[in-house]
Every structure is written in C-alpha cells, then in structure tokens.
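Per full-length UniProt numbering, the sequence shown runs over residues 1 to 432.
Note that the Cβ used here is the ideal one computed from N, Cα and C, for glycine as well.
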Amino acid sequence: MGNDGNAELTVSGHGKRPSISSGNLTPSILLEFSQYCKSYFEVKEIPEDKQVARSVLYCFKDMRISTYISANQAVLRELPFDEFVRRIRDNFLPHDWDESIRTDILRSVQKKDQSWREYTSKVARDNAVLTLSNDGAIPEDRLMQHLTANMSDYLRAKIRPITIPKKIVISGKEVDIPLLQWTEFIARYDDDLRLELKRAREIADEVHRNAKRQNTGSSSSAPTRNGQRGESTKAGYLPALTDAEHKLLNDHQGCRKCRRFYAGHISKDCRNGFPKVPADGYKELTLQKALEEKKKSSGSSGSSSTVRTAAITTVDENSSPTITAAVINTVTPRKPKVHIPSRNAVLGKWEDNGASSDDVSGPLPVENLFWDTHVFGCDEFPTPVRTMLDNGAGLILIDDAWATKLGLRRFSLRNPPSIGAASDRWLQRADQ
C-alpha cells in the first residue's frame with residue numbers, strides 16, 4: 001500500500017507475473033496491470049482460454065478483491081482476460097471515474113511555468129486511462145484542438161507564424177500526423193521559448209545580484225567614505241576611526257587616542273591610552289556623545305573651553321590705563337595666552353601737535369595678532385573663526401556675513417559712532 005492508501009503494482013522482473021498490493025485500486029494501476037499481464041501471457045505463450053484460470057486470479061493482495069475472486073472463481077475462470085478486467089473495474093473503481101478523468105482533461109490548461117511536454121504528457125496519460133472505459137479515449141484530433149486552445153499565450157504567439165503539418169510520411173505512407181509527433185513538433189518551439197525566458201531570467205538575476213553586491217559593497221566600504229562601519233567588527237577589537245569620527249573629534253576638541261571629546265589635550269600628549277572595548281562591542285562616537293561632553297565641560301568650573309568676555313570701556317585718550325579687550329579662550333588650551341598692551345604702550349603717547357613723545361615699539365608678532373577660536377551664536381554648535389586682536393580700536397567689529405551666519409540680531413544705536421581710517425601722518429610716523 002502506498003503512502004496515500006492506494007494500491008501499488010509490483011513486477012519482479014521481465015516475463016514475471018505482476019501483482020497488486022492491498023489498498024484502493026486506481027484506474028491507472030488497473031491499466032498497468034492489464035498491460036503487464038498481456039506481456040506475461042505473450043512471453044509464457046499462455047492461450048486465451050487459460051489466461052485467467054492460471055495466472056491472474058491470485059494476483060490481487062487486497063482482501064476485498066481476493067474475497068470477491070474466491071466467491072466468483074467458477075465464473076471468472078471462464079472469462080476472457082479483457083472481460084475479467086472489466087469485472088474488476090466495475091466492482092472496485094468509483095462509478096464515475098471515467099467522467100472525472102475526462103473532465104480533468106477538458107479543463108486542463110498549460111500553466112505559466114509548465115513546459116509543453118509536461119502539459120501534453122499529463123493529458124496523454126489521462127487519456128490513455130480512458131481506454132478502460134466503455135466510451136474509450138478522446139479522439140486524437142479532438143485532443144489536438146483542446147491542447148491548441150489551452151496552450152500558454154507565450155507559446156501561441158511563438159508558433160503563430162509557423163505552419164504545423166497535418167500530414168506526415170510513416171513507413172512510406174502519408175498519414176495524418178499522430179498526436180505524439182504533433183506535440184513533439186510544437187515542443188521544439190516551446191524549448192526555444194523556454195530557453196529565451198531562462199536567459200532573460202538569468203540576465204535579470206545577474207543585474208539584481210550586481211545591484212545587491214554594489215549596495216553591499218557600499219555599506220562595507222562606508223567607513224572610508226561616509227563614516228559608517230560594517231558588521232564585521234570583532235568583539236574586544238578597537239576599530240580604526242571613521243571619517244565621521246575624525247570630524248567629530250576635530251570639531252569638539254577631542255583626542256584621537258583616548259577618543260574623548262573636550263579632552264584638553266591632543267593624541268601625542270594623551271596619557272589615558274586607547275579605550276577598552278566593552279564586551280558588547282565598540283560603541284561608535286556620535287554627535288549626541290559630543291554634545292553631552294560639551295555640556296559637562298561647559299558646566300564645570302575652571303574649564304578651559306568656558307567662554308569669558310570682559311567689559312569694554314571707553315577711556316580718555318590722554319590717560320593711559322590698560323584697555324581690556326574682549327578675551328575668548330582658544331579651543332586648544334595649550335596655546336600661550338596673548339597679552340595685549342595698551343595703545344600708548346605700543347605706539348607711544350601722542351601730543352596735541354601730532355608728535356610722539358616716545359619711540360614706537362617693535363611690531364607685535366603676527367601670531368599674536370590673529371587668534372583661532374570659536375564663537376557661539378543662536379546655534380548650539382561652536383563655529384571656528386579667525387579673529388584679529390587690536391587694542392587700539394574703540395569698537396569690536398564683526399563682518400555682516402558672519403553676523404548673519406551666527407544668527408545675531410541687529411539693533412540701531414541712538415548715537416552711532418563715526419568710524420574712519422587711521423590718518424596718513426600716523427601711518428607715516430609708524431613707518432619711520
């Protein structure tokens with residue numbers, strides 16, 4: 001018995017009598033049994049009147065069939081083999097088995113992914129089983145019409161310009177093309193069509209794989225281009241800094257060795273060493289971490305990144321107090337602080353007649369006149385800028401574009417000051 005509860009046919013070898021196991025008898029099994037029995041009769045040269053008596057009465061292992069044969073043995077022995085098969089058919093096959101198979105054939109269509117050979121072979125096998133029925137199999141010409149009407153649209157379009165022969169020569173005689181040759185003629189075009197479709201799918205799959213490979217490659221190579229790190233980082237292993245992490249450390253006074261923001265030192269002076277990687281893996285540096293460290297650094301007393309500005313006052317020109325300019329700590333606390341002396345200490349005290357009472361001191365070094373620092377506007381992030389310190393100016397000037405960039409508001413002064421260039425005689429005096 002098969003897994004589905006149906007009977008199975010067993011043939012031990014060529015010229016051996018077949019047998020049917022216990023289980024539900026099916027039309028296809030009964031047809032195969034009939035064909036193998038006729039082959040066995042021919043090999044053993046068993047006459048027709050002895051075929052049922054000697055050979056087939058005890059070929060059925062199913063209890064129902066064997067009981068039926070035992071009860072009707074006297075009658076069944078005298079029957080021709082074909083009549084014996086019809087008795088078994090009428091008693092042990094469903095009463096509408098032939099109509100069910102015929103309906104399946106006439107409703108069958110070639111499926112999208114089904115080859116022409118597979119489709120026609122299934123129809124031909126089912127039609128062959130109908131030879132056991134009283135009405136017989138569907139005629140071949142009608143079967144050809146059905147197969148033509150139900151072939152796939154792709155195949156129909158493929159063979160539309162092709163003329164299928166209606167006559168062929170077999171053994172020197174011209175006959176109507178049999179179903180087998182007719183289906184094989186169309187199958188050649190179906191093979192070509194399926195090969196074209198297969199190549200088209202392979203090309204589409206290759207394009208898809210290449211696109212996926214490029215996307216995967218972009219993701220894996222992102223650490224060198226867009227700052228993203230792949231998933232292949234080993235646990236406990238400190239990966240190299242990405243471009244994004246480099247930029248974050250540079251923008252937030254970080255150390256590339258200990259990888260801390262607002263560390264107060266650079267990598268060559270770092271005493272903290274490289275960070276230890278936790279068990280759950282390396283945590284990538286993010287802008288959120290940088291902003292958190294910035295708040296901590298800004299909130300701590302004595303922090304070198306705290307912005308300090310002093311009041312700017314106007315003094316009498318004849319007096320010589322030290323003028324305090326606006327002082328902003330640099331982003332690198334290791335740079336030496338700049339001391340700006342008073343104007344009179346640098347250029348000397350000017351008399352009313354335009355003469356200087358003292359010699360002009362030597363010029364300040366250029367690096368002491370320019371200060372690379374950060375300014376804060378409405379945005380939370382510091383903006384790097386190069387400033388020029390001039391303690392001789394009565395105003396602190398800022399470029400209008402920078403004011404716009406920082407989001408600073410404008411206010412009109414009640415008494416706008418008059419600003420002009422230094423007099424030529426001052427410049428001439430300074431050049432002497």
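Range of the contiguous alpha helix (DSSP H) that encloses I398: By one-based count along the sequence shown, residue 398 stands at place 398. Where I398 is concerned, there is no enclosing alpha helix (DSSP H), given that its DSSP letter is neither H nor E.
Taking C-beta to C-beta, are F81 and L25 nearer than 8 Å? As a first step, residue 81 must be located in the sequence shown, where it is residue number 81. As a first step, residue 25 must be located in the sequence shown, where it is residue number 25. Against a cut-off of 8 Å, the Cβ pair of L25 and F81 comes out as no contact.
Backbone secondary structure at S19 - three-state DSSP: The residue you call residue 19 lines up with position 19 of the sequence shown. Strand.
What is the DSSP secondary structure of T131, counted as helix, strand or coil? Translated into the one-based positions of the sequence shown, residue 131 becomes position 131. Of the three classes helix, strand and coil, the one that applies to T131 here is helix, per DSSP.
Can you pull the DSSP bridge partners for H265? Taking the sequence shown and counting its residues from 1, the one referred to as residue 265 is at position 265. Looking at the DSSP assignment, H265 forms no beta bridge with any residue, so it has no partner.
To the nearest angstrom, how far is the alpha carbon of R17 from that of D135? In the sequence shown, counting from the first residue as 1, residue 17 sits at position 17. In the sequence shown, counting from the first residue as 1, residue 135 sits at position 135. Their Cα atoms are separated by approximately 29 Å.
Tell me, please, which residues DSSP counts as bridged to P384. In the sequence shown, the residue the question calls residue 384 occupies position 384. Answer is H374.
Is it buried or exposed, W116, if we count other Cβ atoms within 10 angstroms and call 16 or more buried? Taking the sequence shown and counting its residues from 1, one reaches residue 116 at position 116. It is buried - the Cβ of W116 has at least 16 other Cβ atoms within 10 Å.
Going by DSSP, which residues form a beta bridge with residue 433? Past the edges of the chain, shown from 1 to 432, lies residue 433, and the structure says nothing about it.
So, at 6 Å on beta carbons, what are the nonlocal neighbours of D205 in its own chain, with the 5 sequence-adjacent residues on each side left out? Here residue 205 is taken as the residue at index 205 of the sequence shown, counted from 1. The answer is none, since no qualifying residue turns up.
What did DSSP end up calling P417 once you bin it into helix, strand or coil? If you number the sequence shown from 1, residue 417 lands on position 417. In the structure shown, P417 sits in coil (DSSP, three-state: anything other than H, G, I, E or B).
Using a Cβ-Cβ cut-off of 8 Å (strictly less than) and excluding sequence neighbours within five positions of R64, which residues of its own chain qualify? In the sequence shown, residue 64 corresponds to position 64, counting from 1. F92.
To the nearest angstrom, how far is it from the Cα of S121 to the Cα of I203? Your numbering for residue 121 matches position 121 in the sequence shown. Your numbering for residue 203 matches position 203 in the sequence shown. Those two C-alpha atoms are separated by around 30 Å.
Between the Cα of Q181 and those of S100, P239, S171 and P165, spot the shortest distance and give me the residue it belongs to. The residue given as residue 181 occupies position 181 in the sequence shown. Comparing Cα positions, the closest option is P165.
L195 in three-state terms, based on DSSP: In the sequence shown, residue 195 corresponds to position 195, counting from 1. L195 falls in the helix class under three-state DSSP.
Following the continuous alpha helix (DSSP H) through K44, name the residue where it begins and the one where it ends. Mapped onto the sequence shown, residue 44 falls at position 44. K44 -> alpha helix (DSSP H) spans P27 to K44.
If distances are taken between C-alpha atoms only, which option among H146, A53, D90 and V129 comes closest to A74? Position 74 of the sequence shown holds residue 74. For the residues H146, A53, D90 and V129, the minimum Cα distance to A74 belongs to A53.
Can you give the beta carbon distance from G273 to C255, rounded, assuming they're within the 8 Å contact cut? In the sequence shown, counting from the first residue as 1, residue 273 sits at position 273. In the sequence shown, counting from the first residue as 1, residue 255 sits at position 255. Between C255 and G273 the Cβ distance is about 11 Å, and since that is not below 8 Å, they are no contact.
If you pair each beta-carbon of the segment 153 to 164 with each one of the segment 123 to 138, do three or more pairs fall below 8 Å? no
Start and end residues, alpha helix (DSSP H) containing S70: Here residue 70 refers to the residue found at position 70 of the sequence shown. Here the alpha helix (DSSP H) through S70 covers M63 to A71.
For N272, which three-state DSSP category applies? Position 272 of the sequence shown, counting from 1, holds the residue named residue 272. Looking at N272 - three-state DSSP - the assignment turns out to be coil, as it is neither helix nor strand.
What did DSSP end up calling N210 once you bin it into helix, strand or coil? Locating residue 210 in the sequence shown gives position 210, counting from the first residue. Helix.
Give the straight-line distance between the Cα atoms of S55 and Y40, rounded to the nearest whole angstrom. Position 55 of the sequence shown, counted from the start, is the residue given in the question as residue 55. Position 40 of the sequence shown, counted from the start, is the residue given in the question as residue 40. Each residue's alpha carbon lies about 9 Å from the other.
Could you give the distance in angstroms between the alpha-carbon of C59 and the alpha-carbon of S19? Here the question's residue 59 lines up with position 59 in the sequence shown. Here the question's residue 19 lines up with position 19 in the sequence shown. Those two C-alpha atoms are separated by around 5 Å.
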